[in-house]
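Have a look at the structure below before the remarks.
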Amino acid sequence: MRTTFLAIFGILILLTLVRANLVHANQALGLVWVTDDNPTRRGQMDGFIQSTGKPIRIDPTNGTVEKVIVQSLGGVGPDVFDCGDASQLSAYVRAGIALDLTDELKARGIDVERDTFKGCMAQAVYQGRVYGVPTNIAADGVWMHEELVPKELIRTKPRTWDELGQLAQKLMKRDSRGRVTQYGLLFEWWNWKHFVASCGGQVFDKNGEKCLLDQPNAIKGIQVMYDLVYKYKVAPSPADEASMATQGGWGSGSISYFGARRGAMAIGARWWLASLNKYPGLRLDVMESPVENGGAPRAYGRATMINKDSPRRAEAFQFLEYLSGRRYNQIVDEGADATPAFRAYATREGTTATWTSIAEKAAPDVSSPYIAGNLVDRIITKQIDLVKADSKTPAEAMKSAAAEINRLIAEARSAE
Amino acid sequence: VRRNQKHGRWALLFLGPSLLGLIAFTLGPILYSLWAAMTNLSLQKAHPTRFTGFENFGKLMHDQEFHYTIANTIYFLVGAPFAILGSLILAVLLNRKWKGMTAFRALLYLPSFTSGVAIMILWKTLYSPEFGPINGFLRTIGIEGPKWLLATQNLLGMNVETLNFVPQQFGIGAREALILMGMWAAVGGGNMLLYLAALHNVPEELIEASQLDGAGRWASFKSVVWPQLAPTNFFILVMTLIAGLQGGFEQARVMTQGGPAGTTTTISYYIYRKAFEEFEIGYASAISWALFIVVFAATLTVWKFGNREESLA
Numbered sequence: 001m002r003t004t005f006l007a008i009f010g011i012l013i014l015l016t017l018v019r020a021n022l023v024h025a026n027q028a029l030g031l032v033w034v035t036d037d038n039p040t041r042r043g044q045m046d047g048f049i050q051s052t053g054k055p056i057r058i059d060p061t062n063g064t065v066e067k068v069i070v071q072s073l074g075g076v077g078p079d080v081f082d083c084g085d086a087s088q089l090s091a092y093v094r095a096g097i098a099l100d101l102t103d104e105l106k107a108r109g110i111d112v113e114r115d116t117f118k119g120c121m122a123q124a125v126y127q128g129r130v131y132g133v134p135t136n137i138a139a140d141g142v143w144m145h146e147e148l149v150p151k152e153l154i155r156t157k158p159r160t161w162d163e164l165g166q167l168a169q170k171l172m173k174r175d176s177r178g179r180v181t182q183y184g185l186l187f188e189w190w191n192w193k194h195f196v197a198s199c200g201g202q203v204f205d206k207n208g209e210k211c212l213l214d215q216p217n218a219i220k221g222i223q224v225m226y227d228l229v230y231k232y233k234v235a236p237s238p239a240d241e242a243s244m245a246t247q248g249g250w251g252s253g254s255i256s257y258f259g260a261r262r263g264a265m266a267i268g269a270r271w272w273l274a275s276l277n278k279y280p281g282l283r284l285d286v287m288e289s290p291v292e293n294g295g296a297p298r299a300y301g302r303a304t305m306i307n308k309d310s311p312r313r314a315e316a317f318q319f320l321e322y323l324s325g326r327r328y329n330q331i332v333d334e335g336a337d338a339t340p341a342f343r344a345y346a347t348r349e350g351t352t353a354t355w356t357s358i359a360e361k362a363a364p365d366v367s368s369p370y371i372a373g374n375l376v377d378r379i380i381t382k383q384i385d386l387v388k389a390d391s392k393t394p395a396e397a398m399k400s401a402a403a404e405i406n407r408l409i410a411e412a413r414s415a416e
Numbered sequence: 417v418r419r420n421q422k423h424g425r426w427a428l429l430f431l432g433p434s435l436l437g438l439i440a441f442t443l444g445p446i447l448y449s450l451w452a453a454m455t456n457l458s459l460q461k462a463h464p465t466r467f468t469g470f471e472n473f474g475k476l477m478h479d480q481e482f483h484y485t486i487a488n489t490i491y492f493l494v495g496a497p498f499a500i501l502g503s504l505i506l507a508v509l510l511n512r513k514w515k516g517m518t519a520f521r522a523l524l525y526l527p528s529f530t531s532g533v534a535i536m537i538l539w540k541t542l543y544s545p546e547f548g549p550i551n552g553f554l555r556t557i558g559i560e561g562p563k564w565l566l567a568t569q570n571l572l573g574m575n576v577e578t579l580n581f582v583p584q585q586f587g588i589g590a591r592e593a594l595i596l597m598g599m600w601a602a603v604g605g606g607n608m609l610l611y612l613a614a615l616h617n618v619p620e621e622l623i624e625a626s627q628l629d630g631a632g633r634w635a636s637f638k639s640v641v642w643p644q645l646a647p648t649n650f651f652i653l654v655m656t657l658i659a660g661l662q663g664g665f666e667q668a669r670v671m672t673q674g675g676p677a678g679t680t681t682t683i684s685y686y687i688y689r690k691a692f693e694e695f696e697i698g699y700a701s702a703i704s705w706a707l708f709i710v711v712f713a714a715t716l717t718v719w720k721f722g723n724r725e726e727s728l729a
């Protein structure tokens, strides 16, 4: 019996050694990049492999902020990871896992603040320090199916959301039983930041010390979404939206609906093309989204950061150099993975010129150093749920959200 | 004595790895979470960790969101007695010696083999208000179905942001949708198997004797079978209570993200959010310990009264 136990013990130790060896071998596979499994990602990685000879692989399954942070703090995080917005950036920096790139990038001749669109700053620069290299920029415009939106209707482009709502009403189609076969304008509620920004509203003041969602312009943004669904009735109701969301796949339900010509127009960004390309025979056009009260489209996109504890820091910097270079940015442009973040490489011809123009005007988010971005999102999402369910008016909901966020900011500031 | 000492050393050597695992992966984290609960530990290194004593537990008393999640968790427990009853009825039905019964048993146990996430995605589609088959069926018989996972309404009329009751919130919503799904999954699951095993153990001669004495099926079940099921009932009750108080995470994560407006956020999902979305590890640990105390107290209560019932039976 003793011999059997000893043998099992020996085998277990042997297996442990084999496993440790495998982990070591795995580390030799090169950089691990946490990013989404966008159809264009393969080409972007190939570009790096060809230009440096260094291996890289993506890890799309661990892309959420909490996974990146917990894994990185546990010592098993990725080498490089993407950051999608200001709240993510603040979370990564405050968790202490994002490497401060300011000096090293300067030494390598990469000036993020000078060379990229101003809309990229929210996900790359935190309190004056550079933590990420912007890898694309997106801002929403109005997608249109050329054959579903008659040219005469858009001879004068809609400048306000009311005008766009009225135009969308003319594009609604129903079957004999009154069921919608074509929506005038598709959008999704999670995209509320675009509506707030385009109506001149802001989530925070410039120092992140006060939440401004209770201000008239911000409320107007949420009111616009509400009106598109309940007043103009040109966009899917929350119930329809839920049905669309269950369809799954890369991209969201709105993209699938728009691709299937179930919507004549849609609020979306250039990166939609990566998914829309799979629908045959689409003839698409784009116009700028309405802006009011001095607002601008909301800028978002990706910036790539380096894990502070990455054992492959030198390769990671090589990767960032590649991301800021011509080859990568051209791949982004040709693959329509939004718009290249580096201004010099953004195309200014044809339809792409409209997207570049939108990117130029787009404004970055402002985050608050006093409150976690995830908590802010949760508070606002809860209130927007109530607006969607028609249980609260946009004004009531945004006032509740602002009050709660401001209370938490005040608590955090007094604790400091 | 020397031989015993030698055996003891060998035993310790072989138990060593297991004991180390227990200390590293069970005892260690438990003690760590107790320490964390008494600090402001955060995944955000910008906050220096400091000892806060019972501050987090005090915060729990005033955290309205936490109170709301307790109410949600208790609300979800409403389905448990029905699920237990359903399991018992199903087990009684499956305890017949009919042809093909084994196939039926396997079929009814099938949801327990299937991945929970797959089942939840399936139910999400079933609950789709516009295109889902449930509302589709209701529409064919002239009923406009509820908005299921999108609705904040509930059968008690519980308000959305505060713990009070308002008539506008009376109806069927996300909570009921999750309860129904949970009942469907639980009826044919492990409880049914436990009841089946218990029913197999009821001596046939006792049932035959009662029937010879003129007892009908119901009287025989009530007076002979039911008392024999007391230990199983007690076990199922305790386990369901523990699972119910700790449950709701997967459903919230996969189907609703705790919404709409927080109506499906249970204690376990709230702990996850606090720890891994808002990075408040200290506070989340305090909630976990509070949950442990509640579960422990509830189990002790059931144990005390359940044991009495069992011995009376």
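Residue numbers (this note's numbering), protein chains in the order written: chain S, 1 to 416; chain H, 417 to 729. Ideal Cβ placement from N, Cα and C applies to all residues, glycine included. Quick caveat, the model's predicted, so the values are computed rather than measured.
Cβ closer than 7 angstroms: which chain H residues qualify as neighbours of Arg2(S)?
Trp426
Does Phe712(H) pass the burial test, meaning 16 or more other C-beta atoms within 10 Å, or should it be called exposed?
exposed
Nearest neighbour of Gly201(S), chosen from Met1(S), Ala395(S), Thr4(S), Asn62(S) [CA to CA]:
Ala395(S)
Nearest to Ala91(S) (by Cα), restricted to the options Val125(S), Cys120(S), Lys54(S), Ala389(S):
Val125(S)
Of all the CB atoms in chain S, is at least one closer than 9 angstroms to the CB of Gln460(H)?
yes
Buried or exposed for Thr578(H), going by 16 or more other Cβ atoms inside 10 Å?
exposed
So with Cβ pairs under 9 angstroms, would you call Pro497(H) a contact of chain S?
no
Residues bridged to Pro134(S) by DSSP?
Per the DSSP secondary-structure output, Pro134(S) pairs in a beta bridge with Ala303(S).
Give the interface partners of Leu566(H) over in chain S, defined as CB-CB distance under 8 angstroms, in chain order.
Listed by position along chain S, the residues whose Cβ is nearer than 8 angstroms to that of Leu566(H) are Pro238, Ala239, Ala242, Lys388, Ala389.
With 9 angstroms as the threshold, decide whether the Cβ of Lys382(S) is near any Cβ in chain H.
Closer than 9 angstroms to the CB of Lys382(S) there is at least one CB belonging to chain H.
Would you decide whether Asp337(S) is buried or exposed? Buried here means 16 or more other CB atoms lie within 10 Å of its CB.
buried
Which residues DSSP lists as bridging Trp539(H), in chain order
Trp539(H) is not bridged to any residue.
For Gln71(S), report the span of its alpha helix (DSSP H) as first-last.
65 to 73
In the structure shown, what three-state DSSP assignment does Trp33(S) receive?
strand
Among all the DSSP beta bridges, which residues are the ones paired with Leu185(S)?
Met265(S)
For Met144(S), count neighbouring C-beta atoms within 10 Å of its own C-beta (all shown protein chains included) and say buried if the count is 16 or more, exposed if not.
buried
Residue nearest to Pro647(H) in terms of C-alpha spacing, selected from Leu450(H), Trp719(H), Gly516(H), Ile446(H)
Trp719(H)
Out of Ala590(H), Pro433(H), Asn607(H), which one is the CA nearest neighbour of Gly675(H)?
Ala590(H)
Please state if the CB of Trp161(S) and the CB of Val224(S) are separated by a distance shorter than 9 angstroms.
yes
Straight-line CA distance for Ser616(H) to His463(H)?
In the sequence on display, residue 616(H) carries His and not Ser. Each residue's alpha carbon lies about 59 angstroms from the other.
Helix, strand or coil at Glu288(S) [DSSP, three-state]
strand
Where DSSP assigns a beta bridge to Asn570(H), which residues make up the other side?
Partner(s): Phe586(H).
In the DSSP assignment, find the alpha helix (DSSP H) that holds Val93(S) and state where it starts and stops.
Note, Val93(S): alpha helix (DSSP H), 86 to 95.
Under 7 angstroms by beta carbon: chain H residues contacting Leu375(S)
The contact set of Leu375(S) on chain H, defined by CB atoms closer than 7 angstroms, consists of Glu694 in chain order.
Please report the straight-line C-alpha distance between Leu171(S) and Ile358(S), rounded to a whole angstrom.
24 angstroms
Apart from the five residues just before and just after Ala139(S), which ones in its own chain have a Cβ nearer than 6 angstroms to its Cβ?
A distance below 6 angstroms between beta-carbons, with the five flanking residues on each side excluded, links Ala139(S) to the following residues of its chain, in chain order: Pro297, Ala299, Ile358, Ala359, Ala362.
Taking 9 angstroms as the CB-CB limit, is Arg591(H) close to chain S?
no
Met517(H), DSSP secondary structure in three states:
DSSP places Met517(H) in helix when its eight states are reduced to three.
Indicate whether at least one CB of chain S lies closer than 9 angstroms to the CB of Gln673(H).
yes
Reference Val76(S), options Tyr232(S), Ile97(S), Gly263(S), closest by Cα:
Ile97(S)
Would Trp250(S) be called buried (16 or more neighbouring beta carbons within 10 Å of its own) or exposed?
Only weak support is given to the placement of Trp250(S): the predicted model assigns it a pLDDT of 40, under 50, and the value that follows is read from those uncertain coordinates. That one is exposed.
Check Phe651(H) in the structure and name its three-state DSSP category.
helix
Spell out whether any CB of chain S is found under 9 angstroms from the CB atom of Ala677(H).
yes
Pull up the CB-CB distance for Tyr417(S) and Gly47(S), whole angstroms please, since I reckon it's below 8 angstroms.
Past the boundaries of the shown model lies residue 417(S); chain S is included only from 1 to 416, so the question cannot be answered.
What are the residues of the segment 196 to 215 of chain S that lie near chain H, defined by any Cβ-Cβ distance shorter than 8 angstroms?
none
Once DSSP output is grouped into helix, strand and coil, what is the label at Cys120(S)?
In the three-state DSSP reduction, Cys120(S) falls in the helix class (H, G or I).
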